[in-house]
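In this text, residue positions in the sequence shown follow UniProt numbering: the first is 1, and each later residue adds one.
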Amino acid sequence: MLAAVVSSFVAGGRGGAAWIKSGGSWSTCGRSAGPPQQAPFLQSLTAHFSDGEDEEVQVSCSLQGNQFLLSRGDEGRRVPLKRASFCPIKHLSPAEAAAVPPDVRQRGVDVGVSVVLQTADRRLLLTRRAKELRIFPNVWVPPGGHVEPEETMLEAGLRKLQEETGLRLDPEGVSSRVLGLWESVFPPLLSRGLPHRHHVVVYLLLLSPHSHLQLQVRPALWLLISPPAPVVHRSSRPHAVVSEPPPRRGQRLRLGRQPARPGRRGRRGRRRRRGSRGPAAQQLQVRFSPHRRTGMRTSETVPVLKNRPEREALL
C-alpha cells in the first residue's frame, strides 16, 4: 500500500511535492530544496498546495516507478486536486487533533485509484460497497482501491475492477486518462467522529469501445450520461419485468412453471372494459406456492410493465 510524503521548501513558502513511500524506503527526486518528509495524517494536501483556504488547486501528478509525485508542474499537464468544504482535517481544532490516537496519526496519507468506466453508449459503472465495510459502507461508488507497489495506476484500476465486478479488460483495448484527484477523509464529518482514514484518490477515466450490455458484470448500476433516460416513477410496490410476449389478461403464472393456456375465461379477458387500466399498468396475479404439500399458498398482485421504453428504463 502506498503512502504520500510531502516535501517542504526550506525557503520560499508553499508548493512542495507529494511523494510515495514504497518498500520501506524513501525515494527523492524533483525540485524540492529540502528532503522529503512523510505527509502528516493531519495535513491537508489541498491546503499545502494552495493558500490554505481554497478547496481546489491545480497540480501535476505522475507515477514514476514506486514514486507518486504531486507538484505545481506545467500548466498544460495539471489536474484538479479538490477537497470537501466540510473536510474534517480543515475544521479540526487543536484539542480534537490532540485527541487523534497516535497509531492513526502515524498512518500518513494513503493513495488510491478509482475507475470511472465509460462505455460506448455513454454509461458509467457504479458498484455498491458492502454494508459491513468500515469505510463508506453501503455507498454507490466507482470501482477502486489501494495502489500496490510495482503497479501503475492503470494496472491497479483494472485489478480492482476485476476483483469487484468480475469484468476483465485488456489494457490495450481501453484508453485512459486522469480526471482529477480527491482528498478523502473518513468519517467525512467531524460530527460522526474523529478522522481515522486519509486518502488521495486518483480518478482514472477508462473509455471502452463496448456498450454496457456487452460488458457482463456482477450486479452493478449503469448511469446514462446523455441523452436523459425516460423517467419511471418510483413505487413502493415491486415491478415485474417480463419478456415478449406479455401474459394475457386474466392469466395466472406459477413460479417454476410455464403459463397455463388461457381458457374460456382468459379469452374473454382480452376485451377491455370501461374504466380498466391501460396496457402499461395492467396487473398480473403471481401465485407463490412454497408449501404445496400442506396446501398453504399466498398470492400477491404486482404491476407488469408492458411498454418497451418502461422496461428498458429499468435495465
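Heads up, the beta-carbon is just placed ideally off N, CA and C, and yes, glycines get one too.
Integer Cβ distance of residue i from residue j, believed to fall under 8 Å
{"i": "GLU164", "j": "THR127", "result": "5 Å"}
{"i": "LEU63", "j": "LEU45", "result": "At roughly 16 Å, the Cβ-Cβ gap does not stay under 8 Å, so LEU63 and LEU45 are not in contact."}
Beta-carbon proximity list for residue i, same chain, < 6 Å, skipping 5 on both sides
{"i": "LYS160", "result": "PRO143, GLY144, GLY145"}
{"i": "PHE49", "result": "VAL57, VAL59"}
{"i": "GLY180", "result": "VAL79, PRO80, TYR203"}
{"i": "GLY73", "result": "SER60"}
{"i": "GLN162", "result": "ARG168"}
{"i": "GLY157", "result": "VAL113, VAL115, LEU204"}
{"i": "VAL147", "result": "LEU2, VAL111, VAL113, ALA156"}
{"i": "PRO101", "result": "none"}
Own chain partners of residue i with C-beta closer than 8 Å, once the 5 adjacent residues on each side are dropped
{"i": "HIS91", "result": "LEU190"}
{"i": "GLU151", "result": "ARG159"}
{"i": "GLY106", "result": "Note on identity: in this sequence residue 106 is Gln, with Gly being the wrong assignment. Contacts found: PHE41."}
Closest residue to residue i among the options (Cα-Cα distance)
{"i": "ALA47", "options": "PRO195, TRP182, ARG197, ILE225", "result": "TRP182"}
{"i": "ASP110", "options": "HIS198, GLN67, ALA97", "result": "HIS198"}
{"i": "SER114", "options": "LEU206, GLU172, PHE86", "result": "LEU206"}
{"i": "PHE186", "options": "LEU69, PHE86, ARG77, LEU63", "result": "PHE86"}
{"i": "ARG77", "options": "VAL178, VAL201, SER184, GLN214", "result": "VAL178"}
{"i": "GLU96", "options": "VAL200, LEU215, VAL201, ARG192", "result": "ARG192"}
{"i": "GLY140", "options": "ARG134, ARG129, LEU133", "result": "Per the sequence shown, residue 140 should be read as Trp rather than Gly. The residue with the shortest Cα to Cα distance from TRP140 is ARG129."}
{"i": "ARG134", "options": "GLN214, PRO188, SER93", "result": "PRO188"}
Beta-carbon proximity list for residue i, same chain, < 7 Å, skipping 5 on both sides
{"i": "LYS131", "result": "PRO137, ASN138"}
{"i": "VAL104", "result": "PHE41, HIS196"}
{"i": "ASP121", "result": "SER211, HIS212"}
{"i": "ALA99", "result": "LEU194"}
{"i": "VAL200", "result": "ALA4, LEU45, VAL109, VAL111, LEU181, GLU183"}
{"i": "GLN214", "result": "none"}
Proximity of residue i and residue j at Cβ, strictly below 8 Å
{"i": "SER176", "j": "LEU154", "result": "yes"}
{"i": "GLU53", "j": "ARG83", "result": "no"}
{"i": "PRO209", "j": "GLY173", "result": "yes"}
{"i": "ASN66", "j": "PRO171", "result": "no"}
Proximity test, Cβ basis, 8 Å: residue i and chain C
{"i": "VAL111", "result": "In the structure shown, chain C cannot be found, because there is only a single protein chain."}
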